[in-house]
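Report on the structure given below.
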Amino acid sequence: MAATLTRDVEEVRRIVLDALRGQAARVFLFGSYARGEARPTSDIDVAILPVAPLTRGTLSLLRERLEESSVASEVDLVDLSDADEALRARVFQEGIEWSASGSV
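Following this note's numbering, the numbering of the sequence shown begins with 2 at its first residue and continues without gaps.
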């Protein structure tokens, strides 16, 4: 994977984990980056599985931080508590867990 792609994923990881610090949630990278098939035009797929629902403020802050970052790729955030079973299964099958923060 090219250095820029790896750098973008690491920056997204840092931003997401920082924004969710102190919240009980599991965070996953999934999609083409998790499968090792990412291209320069690929988006970065991130799934969040919170124990308690995330507030709109938390999600808004997270999206704002991602938009203001130096990450060149589009970031697709998915709240798994609102996702269908097929997407959840895909995330759990191919996803790379970034954290298990709080008490999950």
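Ideal Cβ positions, reconstructed from N, Cα and C, are used throughout, including at glycine.
Nothing here was measured: the structure is a model prediction, and the numbers come from that model.
Asked                                                                                                                                   : Found
With 16 other CB atoms within 10 Å as the buried threshold, where does glycine 58 fall?                                                 : exposed
Need the endpoints of the alpha helix (DSSP H) that valine 92 sits in, please.                                                          : 86-95
So, using beta-carbon positions, are valine 92 and isoleucine 45 closer together than 8 Å?                                              : no
Does any heavy atom of the ligand GTP sit closer than 7 Å to the C-beta of alanine 20?                                                  : The ligand content of the structure shown is nil, which means the ligand GTP is not present either.
Nearest to alanine 26 by CA position, among Ser74, Ser82, Ala87, is which residue?                                                      : Ser82
Here's the rule: buried if 16 or more other CB atoms are within 10 angstroms of the residue's CB, otherwise exposed. What is serine 71? : exposed
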